[in-house]
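Residue numbers (the UniProt record's numbering): 1 to 289.
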């Protein structure tokens, strides 16, 4: 596929995803309304995000990208786990220091906890396949990494806020998260590290710490039940960590550390060390899914 055709397909794909995420939740929500909390949430996510995943894989393949790197998956995953887990730990530390982290009363897990991991994984992989597996490489071929990575991060954040609602801090945090995942994907030329970071953060927040939803815990249960309450800038209010300055500071810290590590490994600027792959290299390494 030519660069122009890939760009048109990516824009069309983004429009399809935006429309789908705007209208599908109400329709799917009606289908699962009579189900239990865990089963309903699992089926909801499956019906919403499986089409996105398929679209992302097809789009990346047609655009000449490689969703999974040909080598170094172990290193990518380890880096992602460190960024996601370390970032979440930092956010919790900042929240505790600000005095907004409190113990709840509802912690505990059962058999459906494992279903929660699978459910979150489907959502995370679908989002990363579309945004970092498909849209980012196409944008990078047009604009270069310095523009493409933050641009796709902003689109990622804007789409979240457009669909779910939120305010400026939440938008900023989603953009910072998208920037982190984008750097990881660009560094490894695949999404395994981005998926690891995204999944570690989301699953840790919801299934380990019980911070999502806030207050309370979700239908899959959580090992702990921590609540964020107090100063809205630090607790995020009902939106929780996503709208908290604790998350902002944590993500900035992780991004600075990752950028320093990338410069150290390359001996020069990250973009010059791992710039856009030639079109021929993209096409020779197609690995959908």
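Cβ coordinates follow ideal geometry from the N, Cα and C atoms, glycine included.
Three-state secondary structure (DSSP) at residue i?
{"i": "residue 165", "result": "coil"}
{"i": "residue 67", "result": "coil"}
{"i": "residue 108", "result": "strand"}
{"i": "residue 190", "result": "coil"}
{"i": "residue 174", "result": "helix"}
{"i": "residue 244", "result": "coil"}
{"i": "residue 236", "result": "coil"}
{"i": "residue 1", "result": "coil"}
{"i": "residue 185", "result": "helix"}
{"i": "residue 272", "result": "No answer about residue 272 holds up, because its pLDDT of 39 lies below 50 and its placement is not dependable."}
On the CB-based measure, 16 or more other CB atoms within 10 Å of its CB, does residue i come out buried or exposed?
{"i": "residue 225", "result": "buried"}
{"i": "residue 119", "result": "buried"}
{"i": "residue 26", "result": "exposed"}
{"i": "residue 105", "result": "exposed"}
{"i": "residue 164", "result": "exposed"}
{"i": "residue 5", "result": "exposed"}
{"i": "residue 177", "result": "buried"}
{"i": "residue 34", "result": "exposed"}
{"i": "residue 17", "result": "buried"}
{"i": "residue 10", "result": "buried"}
{"i": "residue 238", "result": "exposed"}
{"i": "residue 42", "result": "buried"}
{"i": "residue 328", "result": "Residue 328 lies beyond the range of the chain shown here (1 to 289); nothing can be said about it."}
{"i": "residue 19", "result": "exposed"}
{"i": "residue 259", "result": "exposed"}
{"i": "residue 254", "result": "buried"}
With a CB to CB cut of under 7 Å and the five nearest residues on each side skipped, what residues in its chain are close to residue i?
{"i": "residue 100", "result": "228, 229, 230, 231, 234, 235"}
{"i": "residue 113", "result": "207, 220, 221"}
{"i": "residue 182", "result": "132, 136, 149, 152, 153"}
{"i": "residue 98", "result": "231, 234, 246"}
{"i": "residue 211", "result": "205, 226, 228, 240, 241"}
{"i": "residue 115", "result": "38, 42, 220"}
Below 6 Å CB to CB, which residues in the same chain sit around residue i once its five sequence neighbours on both sides are set aside?
{"i": "residue 123", "result": "45, 49"}
{"i": "residue 40", "result": "32"}
{"i": "residue 214", "result": "228, 240"}
{"i": "residue 78", "result": "none"}
{"i": "residue 196", "result": "77, 80, 81"}
{"i": "residue 173", "result": "242, 247, 248"}
{"i": "residue 268", "result": "For residue 268, the pLDDT reaches just 43, beneath the cut-off of 50, and the residue's location in the model is therefore unreliable, leaving the point undetermined."}
Between residue i and residue j, how many whole angstroms is the CB-CB distance? I'm expecting something under 8 Å.
{"i": "residue 175", "j": "residue 157", "result": "4 Å"}
{"i": "residue 200", "j": "residue 85", "result": "5 Å"}
{"i": "residue 59", "j": "residue 13", "result": "5 Å"}
{"i": "residue 87", "j": "residue 251", "result": "6 Å"}
{"i": "residue 161", "j": "residue 171", "result": "5 Å"}
Going along the chain, which residues of its own chain have a beta-carbon closer than 8 Å to the beta-carbon of residue i, five neighbours each way excluded?
{"i": "residue 185", "result": "128, 132, 133, 136, 191, 193, 194"}
{"i": "residue 15", "result": "none"}
In chain order, each beta strand (DSSP E) run of at least 3 residues that lies wholly inside the stretch 210-234: Annotation note: the stretch 210-234 contains the following uninterrupted beta strand (DSSP E) runs of length 3 or greater, listed N- to C-terminal: 226-228.
In the stretch 32-106, which residue ranges form an unbroken alpha helix (DSSP H) of at least 4 residues, counting only runs that do not cross its ends? You should have 37-62, 73-97.
Report the residue ranges of all beta strand (DSSP E) runs contained in full by the stretch 123-147; include only those spanning at least 3 residues, in chain order. Counting whole runs of 3 or more residues, the stretch 123-147 contains no beta strand (DSSP E) stretch at all.
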